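J.:
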Amino acid sequence: MALRFAIQTPMTPGAIGVVALCSEDLDTDLAPLGLSVRVGQVRLCDLLGVDRGLVARWSPTRAELTPHGGVRVVRSLAEALRARGVTESALDPREAYPEAESLIEARALVALSMAPSERAIDLLLDQPRRWAGVDEGVSGECLAPNASLRHLLSPPLVVIAGPPNIGKSTLVNELSGRRVSIVADESGTTRDHVGVTLELDGLTVRCLDLPGLEEGASGPDAHAQTLSRRVLRGADLVLLCGSGGAPPPDPARLGIEAARTRRVQLRADLGETGWEADLRVSALKREGLEEMAWAVRGALVPDAAIEDPRPWRFWEASPGGEGRS
Numbered sequence: 027m028a029l030r031f032a033i034q035t036p037m038t039p040g041a042i043g044v045v046a047l048c049s050e051d052l053d054t055d056l057a058p059l060g061l062s063v064r065v066g067q068v069r070l071c072d073l074l075g076v077d078r079g080l081v082a083r084w085s086p087t088r089a090e091l092t093p094h095g096g097v098r099v100v101r102s103l104a105e106a107l108r109a110r111g112v113t114e115s116a117l118d119p120r121e122a123y124p125e126a127e128s129l130i131e132a133r134a135l136v137a138l139s140m141a142p143s144e145r146a147i148d149l150l151l152d153q154p155r156r157w158a159g160v161d162e163g164v165s166g167e168c169l170a171p172n173a174s175l176r177h178l179l180s181p182p183l184v185v186i187a188g189p190p191n192i193g194k195s196t197l198v199n200e201l202s203g204r205r206v207s208i209v210a211d212e213s214g215t216t217r218d219h220v221g222v223t224l225e226l227d228g229l230t231v232r233c234l235d236l237p238g239l240e241e242g243a244s245g246p247d248a249h250a251q252t253l254s255r256r257v258l259r260g261a262d263l264v265l266l267c268g269s270g271g272a273p274p275p276d277p278a279r280l281g282i283e284a285a286r287t288r289r290v291q292l293r294a295d296l297g298e299t300g301w302e303a304d305l306r307v308s309a310l311k312r313e314g315l316e317e318m319a320w321a322v323r324g325a326l327v328p329d330a331a332i333e334d335p336r337p338w339r340f341w342e343a344s345p346g347g348e349g350r351s
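For what it's worth, the numbering used here labels the leading residue of the sequence shown as 27, then goes sequentially.
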């Protein structure tokens with residue numbers, strides 16, 4: 027079977043997902059799947075036993091499935107397609123958007139469909155204008171900085187770390203707007219990593235709340251501490267938290283560069299501390315959360331990068347490279 031598929035929406039929760047199906051003989055390849063549809067037609071049908079959704083046929087060689095946008099639903103549909111011999115293969119940008127007036131515009135349209143961060147939208151929409159008349163082989167000095175702007179297309183990892191029982195889990199719950207971490211006045215309550223996707227000042231990040239960092243832990247706690255230190259070394263930004271007389275941990279002792287950290291005072295409504303903080307937050311009173319969101323976004327994607335007027339080679343910054351952006 028020459029039929030292939032490509033997931034065209036981010037693997038994050040949403041209203042609908044989009045899965046493209048392409049083949050040079052689409053009529054023949056769709057029929058065994060129960061997905062036959064004429065060019066220009068849209069119909070509601072069973073999607074391989076995974077969901078009910080729309081099948082839309084845009085051209086002789088391309089159709090789209092639109093299941094519900096839950097991550098598990100889209101993954102299950104992808105697994106069902108693979109089980110039936112359909113190959114997953116990224117679409118060429120021109121194939122994905124044949125109506126685009128240039129390759130750059132086609133790339134931007136695909137990137138827009140996958141971009142998880144609001145901050146990416148205006149930048150991507152402006153890229154065809156910026157690249158007009160510019161050779162793609164220009165040097166890095168003529169381009170906006172990929173190193174930070176890539177975070178707009180691939181959510182960075184932000185880790186919240188600090189001593190136990192200082193309010194880290196409460197902070198994550200308030201930032202997410204829902205309860206994702208267990209909260210209790212007992213040391214060691216959060217033994218495992220708690221992860222959540224957050225939008226901070228228009229930047230989507232993956233956020234991990236680590237178990238409280240303690241010296242001399244034993245048993246399961248010692249294993250949790252070892253895993254935490256591994257996670258810290260792979261983070262894009264670490265929020266080192268402390269509260270009152272419990273200062274944040276020293277980044278050097280954790281094996282991470284100070285430049286990748288910010289010191290955060292939690293429970294700031296209880297008064298000053300004896301250590302210097304970059305940010306002061308009271309999660310329960312929702313004070314300092316907006317400033318924190320701005321600081322995290324600025325540390326990962328600085329204003330200077332967002333405001334840089336030069337063209338951005340965004341397709342090299344996207345997950346999957348050229349095909350997915």
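Idealized CB from N, CA, C, for every residue including glycine. Just so it is clear, the structure is predicted and the values come from calculations on it, not from any experiment.
Under three-state DSSP, which class holds I186?
T.: In the sequence shown, counting from the first residue as 1, residue 186 sits at position 160. Of the three classes helix, strand and coil, the one that applies to I186 here is strand, per DSSP.
J.: Buried or exposed: R292, going by 16 or more other Cβ atoms within 10 Å of its Cβ?
T.: Indexing the sequence shown from 1 puts residue 292 at position 266. It should be noted that the sequence gives Leu, not Arg, for residue 292. Buried is the call here.
J.: Starting from the C-beta of R339, find all residues in its chain whose C-beta is less than 7 angstroms away, skip the five residues before and the five after it, and write them out in chain order.
T.: Your numbering for residue 339 matches position 313 in the sequence shown. L169 and N172, listed in sequence order.
J.: Between R336 and the rest of its own chain, which residues show a CB-CB distance below 8 angstroms, the 5 nearest in sequence each way excluded?
T.: Here the question's residue 336 lines up with position 310 in the sequence shown. Excluding residues within five positions, the ones whose Cβ falls inside 8 angstroms are R156, C168, L169 and A170.
J.: Which residues in the same chain as H177 place their Cβ atom closer than 6 angstroms to its Cβ, once the five residues preceding and following it in sequence are excluded?
T.: Within the sequence shown, residue 177 is the residue found at index 151, counting from 1. Hits under 6 angstroms: L326 and V327.
J.: Can you round the beta-carbon distance between L179 and A141 to whole angstroms, since I take them to be within the 8 angstroms contact cut?
T.: Mapped onto the sequence shown, residue 179 falls at position 153. Mapped onto the sequence shown, residue 141 falls at position 115. Sure, about 6 angstroms apart at Cβ, within 8 angstroms.
J.: Looking at the unbroken beta strand (DSSP E) that takes in I332, where does it start and where does it end?
T.: As a first step, residue 332 must be located in the sequence shown, where it is residue number 306. No beta strand (DSSP E) holds I332; the alpha helix (DSSP H) holding it covers D329 to E333.
J.: Run through DSSP, which three-state label would E127 get?
T.: Working through the sequence shown from its first residue, we reach residue 127 at position 101. It is coil, neither helix nor strand.
J.: Output the boundary residues of the alpha helix (DSSP H) element that contains L326.
T.: Along the sequence shown, one-based indexing puts residue 326 at 300. Run containing L326: L315 to L326, per the alpha helix (DSSP H) assignment.
J.: Find out if the Cβ-Cβ distance for the pair L258, I282 is shorter than 7 angstroms.
T.: If you number the sequence shown from 1, residue 258 lands on position 232. If you number the sequence shown from 1, residue 282 lands on position 256. Yes, Cβ-Cβ distance for L258 and I282 is below 7 angstroms.
J.: Using the beta-carbon count (16 or more within 10 Å), is V97 buried or exposed?
T.: Locating residue 97 in the sequence shown gives position 71, counting from the first residue. Exposed is the call here.
J.: For the alpha helix (DSSP H) containing E90, name the first residue and the last one.
T.: For the purposes of this step, residue 90 is taken as residue 64 along the sequence shown, with counting starting at 1. From DSSP, E90 is part of no alpha helix (DSSP H) but of the beta strand (DSSP E) over R88 to T92.
J.: Is W341 buried or exposed, if buried means 16 or more other CB atoms sit within 10 Å of its CB?
T.: Numbered from 1 along the sequence shown, position 315 holds the residue referred to as residue 341. So W341 counts as buried.
J.: Per the DSSP calculation, F31 is bridged to which residue(s)?
T.: Against the sequence shown, residue 31 aligns to sequence position 5. F31 is bridged to L47 and E114.
J.: So, helix, strand or coil for I147, using DSSP?
T.: Position 121 of the sequence shown, counted from the first residue, corresponds to residue 147. Looking at I147 - three-state DSSP - the assignment turns out to be helix.
J.: Does DSSP put E225 in a helix, a strand or coil?
T.: Start at 1 with the first residue of the sequence shown, and residue 225 comes out as number 199. Of the three classes helix, strand and coil, the one that applies to E225 here is strand, per DSSP.
J.: If I follow the unbroken alpha helix (DSSP H) through D53, where does it start and stop?
T.: Locating residue 53 in the sequence shown gives position 27, where the first residue counts as 1. Counting along the chain, the alpha helix (DSSP H) containing D53 begins and ends at L52 to L56.
J.: How should T216 be labelled, buried or exposed, when 16 other C-beta atoms within 10 angstroms of its C-beta is the threshold for buried?
T.: Taking the sequence shown and counting its residues from 1, the one referred to as residue 216 is at position 190. Only weak support exists for where T216 lies, its pLDDT of 43 falling under 50; the coordinates are left without a value.
J.: So what does DSSP say about D235, is it helix, strand or coil?
T.: Counted from its first residue, the sequence shown places residue 235 at position 209. Residue state, collapsed to three classes: strand.
J.: Determine the direct distance from the alpha carbon of A331 to that of I130, and round the result to whole angstroms.
T.: Translated into the one-based positions of the sequence shown, residue 130 becomes position 104. Translated into the one-based positions of the sequence shown, residue 331 becomes position 305. Taking the straight line from one Cα to the other gives about 20 angstroms.
J.: Among D118, S85, A82 and G75, whose alpha-carbon lies nearest the alpha-carbon of A104?
T.: Position 78 of the sequence shown, counting from 1, holds the residue named residue 104. Comparing Cα-Cα distances from A104 to each of D118, S85, A82 and G75, the minimum goes to G75.
J.: Quick test of your reading: Q88 and Q67, contact by CB under 8 angstroms. State the CB separation rounded to the nearest angstrom.
T.: Position 62 of the sequence shown, counted from the first residue, corresponds to residue 88. Position 41 of the sequence shown, counted from the first residue, corresponds to residue 67. A small fix is needed here, since residue 88 is Arg in this sequence, not Gln. Contact flag wrong, Cβ pair sits at about 13 angstroms.
J.: In the DSSP output, which residue or residues are listed as bridge partners for D77?
T.: Translated into the one-based positions of the sequence shown, residue 77 becomes position 51. In DSSP, D77 forms a bridge with L73.
J.: Would L151 be called buried (16 or more neighbouring beta carbons within 10 Å of its own) or exposed?
T.: Looking up residue 151 in the sequence shown gives position 125. It counts as exposed.
J.: Closest to T14 by CA distance: which of L175, G268 and R279 is it?
T.: The requested residue 14 does not occur in the structure, where the chain is confined to residues 27 to 351.
J.: Could you tell me whether the Cβ atoms of L224 and L201 are closer together than 7 angstroms?
T.: For this step, residue 224 is matched to residue 198 along the sequence shown. For this step, residue 201 is matched to residue 175 along the sequence shown. Going by C-beta atoms, L224 is nearer than 7 angstroms to L201.
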